[in-house]
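**Student:**
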Ligand code: S3P
């Protein structure tokens with residue numbers, strides 16, 4: 311059996327925060343691909359990027375995603391790049407779990423990115439980098455998602471309620 315719900319979206323869209331709240335409300339485990347990678351490797355995502363490069367990180371991410379898609383009854387948040395490979399796209403389209411895309415604009419995300427988090431892809435020119443990634447990835451997020459939630463003007467509680475309504 312697969313996860314209860316899967317959250318996708320760009321860096322800063324709130325997948326981890328919202329996912330934790332949804333898991334609390336449902337009283338089921340929360341999993342986050344980045345956290346699992348960090349636990350398994352004993353290193354931060356940033357260190358893995360820095361020491362081994364992005365490609366090595368993507369290999370770890372792919373393995374974690376494969377395992378987590380088999381893990382039953384969790385709220386699963388994916389790192390922003392985790393759904394992008396062709397294999398990940400196919401797996402996420404095939405899975406029975408609802409896939410929810412947290413959509414956010416650059417204006418809303420701007421104050422959240424570029425500092426206070428471990429985001430090696432946004433080290434230089436965070437807004438520009440975020441936007442470039444988002445332009446490439448938005449069509450993929452949209453094509454995988456069963457539901458899109460525009461999180462721009464919503465409170466965390468509203469977003470959590472909306473997710474619970476979608477998956478009930
Ligand atoms: C990435 C997103 C990050 C993390 C890594 C790469 C990406 O996760 O996996 O820094 O490619 O968008 P969050 O979306 O949880 O910040």
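Numbering (this note's numbering), first residue to last: 311 to 478. For each residue, glycine too, the CB sits at the ideal point set by N, CA and C.
Would you say the beta carbon of residue 344 is closer than 7 Å to some non-hydrogen atom of the ligand S3P?
**Tutor:** For the purposes of this step, residue 344 is taken as residue 34 along the chain shown, with counting starting at 1. Yes, the beta carbon of residue 344 sits closer than 7 Å to at least one heavy atom of the ligand S3P.
**Student:** Three or more C-beta pairs under 8 Å: does that hold for the segment 352-361 against the segment 444-451?
**Tutor:** Touching, no.
**Student:** Does the distance from the CB of residue 454 to the CB of residue 461 come in under 8 Å?
**Tutor:** Taking the first residue of the chain shown as position 1, residue 454 is located at position 144. Taking the first residue of the chain shown as position 1, residue 461 is located at position 151. Result no, Cβ atoms of residue 454 and residue 461 do not sit closer than 8 Å.
**Student:** Using DSSP's beta-bridge definition, name the partner residues of residue 341.
**Tutor:** Walking along the chain shown from the start, residue 341 turns up at place 31. Answer is 386.
**Student:** Closer than 8 Å by C-beta to residue 343: which residues in its own chain qualify, once you throw out the five before and the five after it? Chain order, please.
**Tutor:** By 1-based counting over the chain shown, the position of residue 343 is 33. Once the five neighbours on either side are set aside, the close Cβ partners of residue 343 are 371, 374, 375, 378, 386, 387, 388, 389, 392.
**Student:** So is the beta-carbon of residue 324 under 7 Å away from any non-hydrogen atom of the ligand S3P?
**Tutor:** Numbered from 1 along the chain shown, position 14 holds the residue referred to as residue 324. No, the beta carbon of residue 324 sits no closer than 7 Å to any heavy atom of the ligand S3P.
**Student:** Can you give the beta carbon distance from residue 414 to residue 320, rounded, assuming they're within the 8 Å contact cut?
**Tutor:** For this step, residue 414 is matched to residue 104 along the chain shown. For this step, residue 320 is matched to residue 10 along the chain shown. Residue 414 to residue 320, Cβ: 7 Å. Contact.
**Student:** Who does residue 410 pair with in a DSSP beta bridge?
**Tutor:** Residue numbering aside, residue 410 sits at position 100 when the chain shown is read from its first letter. Note: residue 410 sits in a beta bridge opposite 317, 457.
**Student:** Is any non-hydrogen atom of the ligand S3P found closer than 7 Å to the C-beta of residue 402, if you look at the structure I gave you?
**Tutor:** Indexing the chain shown from 1 puts residue 402 at position 92. No, Cβ of residue 402 sits at least 7 Å from all heavy atoms of the ligand S3P.
**Student:** Answer with buried or exposed for residue 341, where buried requires no fewer than 16 other C-beta atoms within 10 angstroms of its C-beta.
**Tutor:** What you label residue 341 is simply residue 31 of the chain shown in a count that begins at 1. The residue in question, residue 341, is buried, as its Cβ has 16 or more Cβ neighbours within 10 Å.
**Student:** What first and last residue would you give for the alpha helix (DSSP H) that runs through residue 469?
**Tutor:** Numbered from 1 along the chain shown, position 159 holds the residue referred to as residue 469. That run of the alpha helix (DSSP H) goes 466-477.
**Student:** At a cut-off of 7 Å, would you count residue 355 as near the ligand S3P, judging by its Cβ distance to the nearest heavy atom?
**Tutor:** For the purposes of this step, residue 355 is identified with residue 45 of the chain shown, where counting begins at 1. Yes - the ligand S3P has a heavy atom lying nearer than 7 Å to the Cβ of residue 355.
**Student:** CB-CB under 8 Å to residue 311, same chain, minus the five flanking residues each way: which ones, in chain order?
**Tutor:** The sequence position of residue 311 within the chain shown is 1, counting from 1. Answer for residue 311: 382, 383, listed in chain order.
**Student:** Give the DSSP-derived three-state secondary structure of residue 436 in the structure shown.
**Tutor:** Residue mapping note: residue 436 aligns to position 126 of the chain shown, counting from 1. In this structure, residue 436 counts as helix in the three-state DSSP scheme.
**Student:** Using DSSP with H/G/I as helix, E/B as strand and the rest coil, what is residue 380?
**Tutor:** Translated into the one-based positions of the chain shown, residue 380 becomes position 70. DSSP places residue 380 in coil when its eight states are reduced to three.
**Student:** Give the single residue among 333, 436, 411 whose Cα lies nearest to the Cα of residue 421.
**Tutor:** Walking along the chain shown from the start, residue 421 turns up at place 111. When only C-alpha atoms are compared, the closest one is 436.
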